[in-house]
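Contents: one structure, followed by commentary.
Quick look at the structure:
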């Protein structure tokens with residue numbers, strides 16, 4: 054059974070441009086989940102995790118390499134890393150992908166092709182295989198049970214701390230922290246763990262608290278009643294493991310109370326936001342509302358709307374990949390970072 058289209062945008066893969074089916078549905082009665090099975094292939098002891106996560110010794114400029122990083126509770130996260138494609142190395146990009154259980158491995162070379170002078174590190178949620186092509190509606194039950202913002206944040210924090218320790222003594226270069234869709238909701242909390250952060254890049258992420266963005270999407274689609282009904286369940290007594298609309302109630306409860314707007318507004322880092330005018334998953338009013346608030350920030354903020362681009366920043370009719378345009382802007386910034394992250398954008 055398909056979930057409500059008002060809510061399905063939360064389970065879209067970062068590059069999806071349309072609403073997709075998810076597990077469960079609003080018409081099905083919530084079912085209490087059984088305890089999730091262990092995932093031995095993605096968990097190990099803390100000592101083994103640290104040993105396994107050392108920097109790759111033979112990483113070439115043209116390929117991504119698997120670089121496991123220790124998350125919280127002795128769990129390994131499958132990260133991908135690639136060196137700069139063209140000398141000199143000018144900056145580093147750390148990527149927090151969007152929702153779903155597919156990895157970025159199959160598309161990483163193409164997706165990040167325009168990052169010529171950057172070293173790239175891509176984190177993945179716990180339980181996500183970096184090479185998996187799993188559709189959002191086919192995520193394993195164990196993933197659905199565990200997937201929630203607070204858990205993902207704890208794991209990502211631990212991984213970035215380990216990364217910072219391993220990089221001690223290496224040359225200092227500016228770092229951009231990039232959040233794709235849902236991944237951007239972790240950026241303000243993670244930025245404190247990353248040395249030499251030069252800016253936050255929000256791709257197809259409104260900047261509003263996710264509950265508010267969801268409310269605006271429901272209003273856009275004319276199904277506010279579905280969103281209101283979900284809110285009542287979130288505030289109710291069912292256990293966090295109950296699955297509603299393809300997500301655990303733990304996921305929805307985190308989302309309902311997740312602060313994003315205020316942390317972004319108060320953050321000291323420049324913010325570059327890029328979004329598509331034809332985004333089917335996040336309404337334009339959400340982007341516009343955040344831009345009005347962000348105009349009052351003391352740190353720089355710029356929001357670039359790509360005409361005709363979808364949630365994945367693709368202009369499919371013209372065959373234009375907007376993601377590569379974003380990287381062209383960051384490459385231009387990296388030539389002279391003192392000019393500011395927003396200086397590379399068109400007037």
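In the numbering used here, the protein residues as written are 54 to 400. The beta-carbon is built from N, C-alpha and C at its ideal position, and this holds for glycine as well.
Which parts of the region 130 to 163 are runs of the beta strand (DSSP E), unbroken and 3 residues or longer, counting only runs that do not cross its ends?
Runs of the beta strand (DSSP E) inside the region 130 to 163: 144 to 149.
Three or more C-beta pairs closer than 8 Å, one from the region 118 to 125 and one from the region 211 to 225: is that the case here?
The region 118 to 125, when compared against the region 211 to 225, does touch it at the 8 Å Cβ threshold.
Buried or exposed by the 16-neighbour rule on C-beta atoms within 10 Å, applied to residue 139:
Result: exposed.
Boundaries of the beta strand (DSSP E) in which residue 228 is found, first to last residue
Residue 228 -> beta strand (DSSP E) spans 228 to 233.
Taking Cβ positions, are residue 230 and residue 247 nearer each other than 8 Å?
For residue 230 and residue 247, yes; Cβs fall inside 8 Å.
If you draw a straight line from the C-alpha of residue 271 to the C-alpha of residue 384, how long is it?
Spanning the two alpha carbons is a distance of roughly 37 Å.
Please give the ranges of any beta strand (DSSP E) in the region 159 to 208, keeping only runs that are unbroken, at least 3 residues long and fully inside the region.
Look at the region 159 to 208 and you find these whole runs of beta strand (DSSP E), each 3 residues long or longer: 171 to 175.
Assuming residue 184 and residue 145 form a contact by the criterion Cβ under 8 Å, report the distance between their Cβ atoms to the nearest whole angstrom.
Incorrect: roughly 23 Å between the Cβ atoms, too far for contact.
Could you check the C-alpha separation between residue 154 and residue 308 for me, to the nearest Å?
In this model, residue 154 and residue 308 are separated by some 17 Å (Cα to Cα).
Within the present structure, is the beta-carbon of residue 166 separated from the nearest heavy atom of the ligand MN by less than 7 Å?
Because no ligand of any kind appears in the structure shown, any question about the ligand MN cannot be addressed here.
Where residue 329 falls: helix, strand or coil (DSSP)
In this structure, residue 329 counts as strand in the three-state DSSP scheme.
Just reading off the alpha helix (DSSP H) that residue 375 is part of, what are its end residues?
Run containing residue 375: 375 to 388, per the alpha helix (DSSP H) assignment.
Collapsed DSSP secondary structure at residue 252 in the structure displayed
Strand at residue 252.
Cα-Cα separation, residue 287 to residue 223:
Going by C-alpha positions, residue 287 is about 46 Å away from residue 223.
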